[in-house]
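All remarks here apply to the structure that follows.
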Amino acid sequence: VYYRDESLTFYPFPTLSKGQVSSFSSSKQDTDQYGAKITLNSQPLDGWDLTWGVDADHETFNANQMFFDLGQSMSSGGLNNQAIYTTGRYPGYSITNLAPFLQSSYDLNDIFTISGGVRYQWTENRVDDFVGYAQQQDVASGKVSSADAIPGGKTDYDNFLFNAGIVAHLTDRQQTWFNFSQGVELPDPGKYYGIGKYGAAVNGHLPLISSVNVGDSPLQGIKVNSYELGWRYTGDNLRTQLAAYYSTSDKTIVVNRTDMTIDVQSDKRRIYGVEGAVDYYFPNSDWSAGANFNVLKSQVKSDGSWHKWDVTLASPSKA
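Pasting the structure below:
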């Protein structure tokens with residue numbers, strides 16, 4: 002059982018409009034998450050291990066934007082900020098996940114061990130009603146008196162995931178393995194919903210013309226297939242590991258701003274690389290030393306060729 006409460010406050014920053022600073026503001030995001038995992042283990046036969054159970058978690062998210070007196074912030078170089086109003090930054094939402102699973106491993110002989118498992122994941126998204134971000138500013142600053150809200154709602158989707166692998170015990174100290182596994186990329190509701198087109202004000206009210214909302218454009222999980230080939234050595238003092246991996250997905254979620262819908266498009270992506278680690282434990286000591294690295298490439302396929310993935314989305318290599 003676990004609980005996590007996270008609050009992120011971002012440093013005040015200016016917003017540019019047509020080459021001029023139009024506002025000075027700071028955003029805050031609050032996330033609460035709790036969950037539990039129940040796991041049961043059994044051994045029906047000698048060398049055959051079964052693990053089954055269920056994962057459950059619930060997350061809520063809220064974000065707002067605080068705006069400061071522009072003249073005071075500019076004259077003080079952003080050091081003295083007086084709040085004048087606060088708006089919502091993204092629509093608030095909650096995500097509930099429920100996932101029963103079954104995992105098994107079996108020793109074929111003294112050398113080979115095979116494993117496999119299944120996982121069914123059900124996800125529900127609930128999104129709050131939300132007035133457009135810019136329209137909230139118009140209301141708060143007195144330009145208009147009110148604005149229509151982009152409707153919220155709820156949607157759910159499910160995914161069936163599978164994994165399999167084999168381990169070869171080369172010696173008492175060396176193993177090599179190959180694994181296949183599936184994961185699911187869960188889209189962030191706050192990133193997609195809360196976008197709308199508004200018409201001109203009528204008697205001080207901004208009417209909503211079209212929007213990206215839960216009822217018209219439900220989200221879905223994107224399945225990712227991963228492969229890994231690795232080797233490890235476990236000695237008395239030296240421990241080392243090396244693995245190559247390759248993961249692919251063939252869909253992505255984008256917002257169509259022309260008709261205000263969410264599209265699931267064919268978009269082949271892949272990430273592949275090599276990672277390794279080495280650790281040395283000094284004899285008769287509590288000290289150890291080690292190093293690790295991860296060299297990878299992230300690519301997307303377009304026009305029949307693979308190209309580098311956007312730097313804002315790709316993960317960097319590290320050591």
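Going by the numbering used here, the first residue of the sequence shown is number 2, and it counts up by one from there.
Every residue, glycine too, gets a C-beta built ideally from N, C-alpha and C.
Remember, predicted model here, so these are calculated numbers, not experimental data.
| Query | Result |
| --- | --- |
| Excluding sequence positions up to five away, which residues of its chain have a Cβ less than 6 Å from the Cβ of F161? | Y121 |
| Do the stretch 52-70 and the stretch 96-109 touch if we need at least three Cβ pairs shorter than 8 Å? | yes |
| Which parts of the stretch 36-82 are runs of the alpha helix (DSSP H), unbroken and 4 residues or longer, counting only runs that do not cross its ends? | 71-76 |
| Spatial neighbours of Y234 within its chain, please: C-beta separation below 8 Å, excluding the five flanking residues on both sides. | R174, Q175, R240, T241, Q242 |
| With a threshold of 16 other CB atoms inside 10 Å of the CB of F68, please say whether the residue is buried or exposed. | buried |
| Excluding the 5 residues flanking G305 on each side, which residues of the same chain have their C-beta closer than 6 Å to its C-beta? | none |
| Taking 6 Å as the limit between beta carbons, can you name the residues of its chain near I85, skipping five residues before and five after? | F68, D70 |
| Using the Cα positions of Y194 and V215, report the straight-line distance between them to the nearest angstrom. | 7 Å |
| Apart from the five residues just before and just after M75, which ones in its own chain have a Cβ nearer than 6 Å to its Cβ? | none |
| Taking the beta carbon of Y3 as the centre, do at least 16 other beta carbons fall within 10 Å, making it buried, or is it exposed? | exposed |
| What does the alpha-carbon distance come out to for the pair A278 and W178? | 16 Å |
| Can you list, in chain order, the residues of its chain with a C-beta nearer than 6 Å to that of V132? Leave out the 5 residues immediately preceding and following it. | A148, A150 |
| With a floor of 3 residues, list each beta strand (DSSP E) that falls wholly inside the stretch 226-285, ordered by position along the chain. | 239-257, 262-282 |
| Could you check the C-alpha separation between G89 and F11 for me, to the nearest Å? | 15 Å |
| Is it right to say I115 is buried, meaning 16 or more other beta carbons lie within 10 angstroms of its own, or is it exposed? | exposed |
| Indicate whether V321 and A245 have their beta-carbon atoms separated by less than 8 Å. | This structure gives no information on residue 321, because the portion of the chain shown stretches from 2 to 320. |
| Under 7 Å Cβ to Cβ from G222, same chain only, skipping five residues before and after it: list those, please. | T124, Y158, N160, V185, E186, L187 |
| In this structure, does DSSP put V185 in helix, strand or coil? | strand |
| Mind checking whether S250 and K224 have CB atoms under 8 Å apart? | yes |
| Do V128 and H206 have their C-beta atoms within less than 8 Å of each other? | no |
| Please classify Q83 as buried or exposed, where buried requires at least 16 other C-beta atoms within 10 Å of its C-beta. | exposed |
| Buried or exposed for Q21, going by 16 or more other Cβ atoms inside 10 Å? | exposed |
| Compare the C-alpha of L171 against each of Y282, W288, I112 and name the closest. | I112 |
| Could you pull out every unbroken beta strand (DSSP E) segment of at least 3 residues lying fully inside the stretch 90-159, listed in chain order? | 113-128 |
| D237 to N180, Cα distance in whole Å? | 27 Å |
| Opposite D31 in the DSSP bridges: which residues? | S8, N63 |
| Check for me: the beta strand (DSSP E) holding Y193 runs from which residue to which? | Per DSSP, Y193 belongs to no beta strand (DSSP E); it is in the alpha helix (DSSP H), 190-193. |
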